[in-house]
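Enquirer: Provided herewith is a single structure, encoded as structure tokens, for subsequent inquiry.
Chains as they are written, first to last, in our numbering: chain A, 89 to 572; chain B, 4 to 316.
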């Protein structure tokens, strides 16, 4: 989709770049525009270099799978912040709370009484035969009854008042470290902007996360000691390892690998220099399939044998719970408006993108006929891997994708290509419009729901590109919720 | 503390120390090799540098010559040499990265910056002129890390395990350095204290940055038994074996004060410490310096293993 037709968050229309004087700038962006106008290109360039140096020195890197030359790469950081007015954010916040509450209720239901299936809202086989549905969890209730403690909801904007949820990440959403580090960098780079704008702080996230984790500890009823929380990482070769270590550091909890934990008599311990120490809550950044070789993938060296038994016995809490992948599924996503109505009795506050489920023959027919206009995604995909952007794909790719669709229609959904909003972005050729999305992080514990204002803005650094995933070369921006 | 973290910190300490030692060794060797042959320069200087890093065999297996450029490549940037400076810094960094949370930001930055800068040199020295800046960089980086650790790290098990690793490695390096030089055959007719000997022994002092210290302590010309005395028994020299064992014992005591437990590592360290305290240099020479050093190296390795066992690495 050419940038010119997209909604620009500063100018309203993207084509205004370079001739901005005669175009109205949205209220929230006025200070930013003034700041841009007062910064000669050389100053902007110097700021960009400084930012990059900062990121490289503190070692914020990101590994890209399948790219041997880039085991550790820097995610491009854009120094122009993305602005949301407080009034806009308030609406989003309500919508996010509603959506995550519905997701948690849905998970509790499909692993419990299955009311929603009995009511015929969703086809039973779509849930129960879903690869993300974990049979092992059927009939179980995690401590506190909470399934997705940390959810990342991807939002895109298409107009002044139009926001869509692009996908729900109820498994192990990543990126929050960038939200926090981006702010640190911006505070160092442009303190003057923070003086003139009232920017809502994000630095409370680690504390909120720790409180959320502690609130679901199975041991807290016993009183006495504070619950022992740990962060379980697949290890330093994982693409998000930096984030794992960063968060463990900010939370002040141990960063453990599978081999650091063991289970005895259904109780999880970590191996310390002083002997075994009991663990209560595991913030795990390891996928379900690898978590316990005795129950899931027997070849996994990353997990902890016996962990699921300890979990089942109620002696340890996993955050997020096992089996939340079913809520990430993009075919189930297409039912989110119905799911929200079913559990909350309210109309959804955030829009869903209209979605064709290729598992339905009629929808498949439509998708095959209109492939060049649509975005096609794997139902259980993430990170932008394995998706097709019709309008940007050459004919050969389209044909190959059509064949894949016909072979396994169940695996795919399709959506119209949304005109993602653009934001002013510093490029080598000056300030230009680039497409963005937004991932706010929603924390749910027995202590309530907590959302840090803003979230992670991802930006497609290539002109016109709609792919913002860091694994596909996307960058990030600091996100400011500003009082209006 | 997680046992794995303790292990990472311990090895991070060891690798940084080794990188620093290798840098100093190369510097001193370069100086020695630059001397006219009649003063003890030429080929054997680089041969003994290889021996001091225990790389003689690996070097031979790779079919490299004793040419200065080839050896300095091998010792500095060769990624296939697990003890090259580059490999040491890479290992130190990957250990540090795994325990990023146990380090302070400044400590991590020192290691990360060192690795980024050294990796910029690639795997091969472009010219002889590049060597000096590279070695300086490494020495500065290790000092920067130690300074950052000293100034910013919590005095807790993370600090103690790191220091313990450095001290054990330093003891090992000093002992190996002495042992190698002890083996150097003197040309016939050259008396102890002769010109060739002088440069060999001062090379040792330079490697551990103790040339000036020697003058201050002994106010005497360079004599091999005094060099040995300084580097084995003198507690004022931070790289002497006695100093290293003071340090090792101190870190192990700190760890014990937290866990309330003492184990085989404490016993071995105390025994090593006692041996150094109760010796004098005459007795060591009488019993054979080489025999003393060999035993020390073996005992020191055993101590390393005991630390790993005791803290469940």
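Backbone N, C-alpha and C define an ideal beta-carbon position, used for all residues, glycine too.
1) Pairs of beta-carbons, one from the segment 192-204 of chain A and one from the segment 249-256 of chain A, closer than 8 Å: are there three or more?
2) Nearest to residue 275/B by CA position, among 289/B, 151/B, 244/B and 257/B, is which residue?
3) Which value, in whole angstroms, describes the spacing of the CA atoms of residue 357/A and residue 151/B?
4) Check the C-beta distance from residue 522/A over to residue 513/A and give it rounded, since I have them as a contact under 8 Å.
5) Spell out whether any CB of chain B is found under 9 Å from the CB atom of residue 197/A.
6) For residue 358/A, return the contacting residues in chain B, with the cut-off set at a CB-CB distance below 7 Å.
7) Alpha carbon to alpha carbon, how far is residue 431/A from residue 490/A? Give it in angstroms, no decimals.
8) Please classify residue 165/B: does DSSP put it in a helix, a strand, or coil?
9) Between which residues of its own chain and residue 464/A is the CB-CB distance below 6 Å, once the five residues before and five after are set aside?
10) Excluding sequence positions up to five away, which residues of its chain have a Cβ less than 6 Å from the Cβ of residue 368/A?
11) Taking the continuous alpha helix (DSSP H) assigned at residue 256/A, which residues delimit it?
12) Taking C-beta to C-beta, are residue 288/A and residue 572/A nearer than 9 Å?
13) For residue 100/B, go through chain A and note every residue whose CB falls closer than 9 Å to its CB, in chain order.
14) Extract the residue ranges of the alpha helix (DSSP H) inside the segment 238-302 of chain A, only unbroken runs of 4 or more that lie entirely within it.
15) Expressed to the nearest angstrom, what Euclidean distance is found between the alpha-carbon atoms of residue 407/A and residue 105/A?
16) Would DSSP call residue 231/B helix, strand or coil?
17) Could you tell me which of 131/B, 53/B and 148/B sits nearest to residue 96/B, measuring between CA atoms?
18) Return the residue from the list 154/B, 65/B, 226/B and 233/B that minimises the CA-CA distance to residue 212/B.
19) What residue from 39/B, 269/B and 180/B has the CA that sits closest to residue 209/B's CA?
20) Which bits of chain B does residue 343/A rub up against, with CB to CB less than 7 Å?
21) Would you kindly report the start and end of the unbroken beta strand (DSSP E) that includes residue 465/A?
22) One question on the structure: do residue 35/B and residue 164/B come within less than 9 Å of each other, judged by their Cβ atoms?
23) Once the 5 residues before and after residue 311/B are set aside, which same chain residues still bring their CB inside 6 Å of it?
24) On the three-state DSSP scale, how would you describe residue 240/B?
25) Within the same chain, show all residues whose beta-carbon is closer than 8 Å to that of residue 261/B, passing over the 5 residues directly before and after it, in chain order.
26) Is the Cβ of residue 84/B closer than 9 Å to any Cβ of chain A?
27) By the DSSP assignment, the beta strand (DSSP E) with residue 538/A in it spans what residues?
28) Buried or exposed: which applies to residue 100/B, given that a residue is buried once 16 or more other Cβ atoms fall within 10 Å of its Cβ?
29) Give the DSSP-derived three-state secondary structure of residue 236/A in the structure shown.
30) Is residue 363/A close to chain B, meaning its C-beta is less than 9 Å from at least one C-beta of that chain?
31) Excluding the five sequence neighbours on either side, which residues of its own chain have a C-beta within less than 7 Å of the C-beta of residue 30/B, listed in chain order?
32) So, under 8 Å CB-CB, residue 74/B and residue 121/B are touching, yes? Tell me the CB distance rounded to an integer number of Å.
33) Can the beta-carbon of residue 264/A be found closer than 9 Å to that of residue 438/A?
34) On the CB-based measure, 16 or more other CB atoms within 10 Å of its CB, does residue 563/A come out buried or exposed?
35) Using three-state DSSP, classify residue 201/A as helix, strand or coil.
36) Taking the alpha carbon of residue 269/A as the reference point, which residue from 145/A, 441/A, 97/A and 218/A has its own alpha carbon closest?
Expert: The structure says:
1) Two segments are said to touch when three or more pairs of C-beta atoms, one from each, lie closer than 8 Å; by this definition the segment 192-204 of chain A does not touch the segment 249-256 of chain A.
2) Numbered from 1 along the second chain, position 272 holds the residue referred to as residue 275/B. Closest option to residue 275/B, Cα to Cα, is 244/B.
3) Position 269 of the first chain, counted from the start, is the residue given in the question as residue 357/A. Position 148 of the second chain, counted from the start, is the residue given in the question as residue 151/B. Rounded to the nearest angstrom, the two C-alpha atoms are 33 Å apart.
4) In the first chain, residue 522/A corresponds to position 434, counting from 1. In the first chain, residue 513/A corresponds to position 425, counting from 1. That belief holds up - the Cβ atoms of residue 522/A and residue 513/A are roughly 4 Å apart, short of 8 Å.
5) By 1-based counting over the first chain, the position of residue 197/A is 109. So, not an interface residue.
6) Residue 358/A sits at position 270 when you count from the first residue of the first chain. Those within 7 Å of residue 358/A in chain B are 5.
7) If you number the first chain from 1, residue 490/A lands on position 402. If you number the first chain from 1, residue 431/A lands on position 343. Those two C-alpha atoms are separated by around 36 Å.
8) Along the second chain, one-based indexing puts residue 165/B at 162. Under the three-state reduction of DSSP, residue 165/B is assigned to helix.
9) If you number the first chain from 1, residue 464/A lands on position 376. The residues are 476, 500 and 502.
10) As a first step, residue 368/A is located in the first chain; it is residue number 280 there, counting from the start. Here the set comprises 305, 307, 315 and 316.
11) Sequence index remark: in the first chain, residue 256/A carries index 168 (1-based). For residue 256/A, no alpha helix (DSSP H) segment is defined; the enclosing uninterrupted segment is the beta strand (DSSP E) at 250-257.
12) One-based indexing of the first chain puts residue 288/A at position 200. One-based indexing of the first chain puts residue 572/A at position 484. No, the pair does not count as a contact, with Cβ atoms beyond the cut-off.
13) Numbered from 1 along the second chain, position 97 holds the residue referred to as residue 100/B. Ordered by position in chain A, the residues that pass the 9 Å Cβ test against residue 100/B are 147, 324, 329, 330 and 333.
14) With a minimum length of 4 residues, the continuous alpha helix (DSSP H) runs that stay inside the segment 238-302 of chain A are 264-277 and 279-284.
15) For the purposes of this step, residue 407/A is taken as residue 319 along the first chain, with counting starting at 1. For the purposes of this step, residue 105/A is taken as residue 17 along the first chain, with counting starting at 1. The alpha-carbon atoms of residue 407/A and residue 105/A are separated by roughly 44 Å.
16) Here the question's residue 231/B lines up with position 228 in the second chain. Residue 231/B falls in the helix class under three-state DSSP.
17) In the second chain, the residue the question calls residue 96/B occupies position 93. Selected option, being the one with the closest Cα: 148/B.
18) Indexing the second chain from 1 puts residue 212/B at position 209. Closest option to residue 212/B, Cα to Cα, is 233/B.
19) The sequence position of residue 209/B within the second chain is 206, counting from 1. Here the closest residue by C-alpha is 180/B.
20) By 1-based counting over the first chain, the position of residue 343/A is 255. Within 7 Å Cβ-Cβ: 104.
21) Position 377 of the first chain holds residue 465/A. Unbroken beta strand (DSSP E) run through residue 465/A: 462-466.
22) Looking up residue 35/B in the second chain gives position 32. Looking up residue 164/B in the second chain gives position 161. Against a cut-off of 9 Å, the Cβ pair of residue 164/B and residue 35/B comes out as no contact.
23) For the purposes of this step, residue 311/B is identified with residue 308 of the second chain, where counting begins at 1. Hits under 6 Å: none found.
24) Sequence index remark: in the second chain, residue 240/B carries index 237 (1-based). Coil, per DSSP.
25) On the second chain, residue 261/B is found 258 positions in, with the first residue counted as 1. Correct list, in chain order: 159 and 160.
26) Numbered from its first residue, the second chain carries residue 84/B at position 81. Taking Cβ atoms only, chain A never reaches closer than 9 Å to residue 84/B, which makes this a no.
27) The residue you call residue 538/A lines up with position 450 of the first chain. Counting along the chain, the beta strand (DSSP E) containing residue 538/A begins and ends at 536-539.
28) One-based indexing of the second chain puts residue 100/B at position 97. It counts as buried.
29) As a working mapping, residue 236/A is identified with position 148 in the first chain. Secondary structure of residue 236/A (DSSP, three-state): coil.
30) For the purposes of this step, residue 363/A is taken as the residue at position 275 of the first chain. Yes, its Cβ sits closer than 9 Å to a Cβ of chain B.
31) Within the second chain, the letter at position 27 stands for residue 30/B. Cβ within range, chain order: 138.
32) As a first step, residue 74/B must be located in the second chain, where it is residue number 71. As a first step, residue 121/B must be located in the second chain, where it is residue number 118. Residue 74/B to residue 121/B, Cβ: 18 Å. No contact.
33) Start at 1 with the first residue of the first chain, and residue 264/A comes out as number 176. Start at 1 with the first residue of the first chain, and residue 438/A comes out as number 350. The beta carbons of residue 264/A and residue 438/A sit no closer together than 9 Å.
34) Numbered from 1 along the first chain, position 475 holds the residue referred to as residue 563/A. The residue is buried, with at least 16 neighbouring Cβ atoms inside 10 Å.
35) Working through the first chain from its first residue, we reach residue 201/A at position 113. Correct three-state label for residue 201/A: coil.
36) The residue given as residue 269/A occupies position 181 in the first chain. The shortest Cα separation from residue 269/A among 145/A, 441/A, 97/A and 218/A belongs to 145/A.
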